[in-house]
Amino acid sequence: MIKMKPKTLKGFAGGRSSTVTGIWTVAAMWLILALPTFCWSVQLTLPGRAYQGDIFVGQCKPPAAVFVDGKAVTVSSKGYFAVGVSRDRKKNLIVLATDGGKKVSEVVLIMAHPWSVQRIDGLSNQYVEPPLAARKKIQKDNQRIRDCRAGTSYSDPLFLKDGFSTPVEGAKTSDFGSLRILNGRSRSPHRGVDFAAVEGASVFSPADGIVSLTATGMVLMGNVLMIDHGLGVQSVFIHLDRVVVQKGERVQKGQTVAHVGKTGRATGPHLHWGVSVGTTAVDPVRLLDGIYGIR
Ligand SMILES: [Zn+2]
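With the numbering used here applied, the sequence shown covers 495 to 789.
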């Protein structure tokens, strides 16, 4: 194990003396890496800034490996990759591309987004304070969704062909990211958007993709459908009445894939649409105006 001794750098940080520990040395190295590098063999195209809850598509000159905050992401044969910014992210993003020898890295500035608060009353108490047996089943349900998100995604960026459209005919009733107070008790923020719709209304695939998960009877989510749009970008639809496609099936933008229901923790029929990039939940509505990089 290599131990880094604390050392003092004079003239760093605007002429003041700063004691830099091992951690800070690593941080300083990252900063140096983050400075734009003029290395034409590994080009990197990124937005200069992104908001909390955003998704964007970057591009590098293939073949190259791309790391976001040091973690490898899926890169298409044309060098496209997707990045999600979590709801609560405060630090800037560091994106690094390398062809195995040369490397280039850039910083994406992260901007704060104001999140709303939503109160929902009248929910059955078994969903707000589920009994122990239900909590165990909820954990299993959540793990299935997490595993699907973390699993290998299709490397072809299917959504780049035609972009995204709204998956149901109906008004948006709840935003992504809103802090939820259920029956007066604070719960985790909303991880998708809700649309008002009648029971049985068609749910359309918002973009091209491949069905990555179908499930019935989840305690909170009810009947569930997930679609992999490529590059780690996946949609999830919950509270469905029924799903009409099967796992592994290729679906096209606008194709009917399910019908609206009120299964799981739902006060009435509506569609909940969530989008994730890898395991990071992002605001689906941001996809509807076009994604940075493919507008
Ligand atoms: Zn919802």
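C-beta atoms are modelled at their ideal positions from N, C-alpha and C, and glycine is treated no differently.
Starting from the N-terminal end, write out each residue whose C-beta falls within a distance shorter than 6 Å of any non-hydrogen atom of ligand 1. S668, H684, G686, D688, H766
Are the beta-carbon atoms of G742 and I704 separated by less than 8 Å? Here residue 742 refers to the residue found at position 248 when the sequence shown is read from its first residue. Here residue 704 refers to the residue found at position 210 when the sequence shown is read from its first residue. Cβ atoms of G742 and I704: closer than 8 Å.
Residue(s) in a DSSP beta bridge with M712: As a first step, residue 712 must be located in the sequence shown, where it is residue number 218. DSSP, once it has assigned bridges, lists G716 as partnering M712.
So does the stretch 767–779 actually touch the stretch 641–648, counting three or more Cβ pairs closer than 8 Å? yes
How would you label P625, buried or exposed, when you count the other beta carbons within 10 angstroms and need 16 or more for buried? The count along the sequence shown starts at 1 and reaches residue 625 at position 131. Exposed is the call here.
Within this structure, are the beta carbons of V738 and V730 separated by less than 8 Å? Taking the first residue of the sequence shown as position 1, residue 738 is located at position 244. Taking the first residue of the sequence shown as position 1, residue 730 is located at position 236. For V738 and V730, no; Cβs fall outside 8 Å.
Put I721 into one of helix, strand or coil per three-state DSSP. For the purposes of this step, residue 721 is taken as residue 227 along the sequence shown, with counting starting at 1. If DSSP states are grouped into helix, strand and coil, I721 belongs with the strands.
Cα-Cα separation, L527 to G724: As a first step, residue 527 is located in the sequence shown; it is residue number 33 there, counting from the start. As a first step, residue 724 is located in the sequence shown; it is residue number 230 there, counting from the start. Note that L527 has pLDDT 44, beneath the 50 cutoff, so the model's placement of it is unreliable and the number below is only indicative. The alpha-carbon atoms of L527 and G724 are separated by roughly 28 Å.
Taking L485 and T660 to be in contact with their CB atoms under 8 Å, please state how far apart those CB atoms are, rounded to whole angstroms. The requested residue 485 does not occur in the structure, where the chain is confined to residues 495 to 789.
Check this for me: beta carbons of A591 and V536, under 8 Å apart or not? In the sequence shown, residue 591 corresponds to position 97, counting from 1. In the sequence shown, residue 536 corresponds to position 42, counting from 1. Yes, these two residues count as a Cβ contact at 8 Å.
Taking the continuous beta strand (DSSP E) assigned at Q612, which residues delimit it? By one-based count along the sequence shown, residue 612 stands at place 118. Taken as a continuous stretch (DSSP letters only), the beta strand (DSSP E) holding Q612 covers 611–614.
Three-state secondary structure (DSSP) of T519: To locate residue 519, count along the sequence shown from 1; it is residue 25. Residue confidence for T519 is low, a pLDDT of 45 falling below 50, so the modelled location carries little weight; the figure read from the coordinates is stated next. Of the three classes helix, strand and coil, the one that applies to T519 here is helix, per DSSP.
Pick from L719, D722, G726, P700 that is closest to P792, judged by C-alpha positions: Given a span of 495 to 789 for the chain in the structure shown, any question on residue 792 remains unanswerable.
Out of P608, V560, A576, R613, state which residue places its alpha-carbon closest to the alpha-carbon of G595. Against the sequence shown, residue 595 aligns to sequence position 101. Nearest of P608, V560, A576, R613 to G595, Cα basis: V560.
Which of helix, strand or coil DSSP assigns to M495: As a working note, residue 495 is residue 1 in the sequence shown. The pLDDT assigned to M495 is 34, lower than 50, so where the model puts this residue is not dependable; a value taken from the coordinates is nonetheless given after this. M495: coil per DSSP, three-state reduction.
Look up R640 in the DSSP assignment and say whether it is helix, strand or coil. Numbered from 1 along the sequence shown, position 146 holds the residue referred to as residue 640. Note: R640 maps to helix in three-state DSSP.
In chain order, what residues of the same chain lie with their CB nearer than 6 Å to the CB of L665, ignoring the 5 residues before and after it? Locating residue 665 in the sequence shown gives position 171, where the first residue counts as 1. Before going on, a small fix: residue 665 reads as Ala here, not Leu. Answer for A665: A690, listed in chain order.
With distances taken from CA atoms, which of S599, R581, R736 is nearest G694? In the sequence shown, counting from the first residue as 1, residue 694 sits at position 200. Comparing Cα-Cα distances from G694 to each of S599, R581, R736, the minimum goes to R736.
Please classify D656 as buried or exposed, where buried requires at least 16 neighbouring CB atoms within 10 angstroms. Locating residue 656 in the sequence shown gives position 162, where the first residue counts as 1. Its Cβ having fewer than 16 others within 10 Å, D656 is exposed.
If you reduce the DSSP assignment to three classes, tell me which class D635 lands in. As a first step, residue 635 is located in the sequence shown; it is residue number 141 there, counting from the start. D635: helix per DSSP, three-state reduction.
DSSP state of F561 mapped onto helix, strand, coil: Within the sequence shown, the letter at position 67 stands for residue 561. F561: strand per DSSP, three-state reduction.
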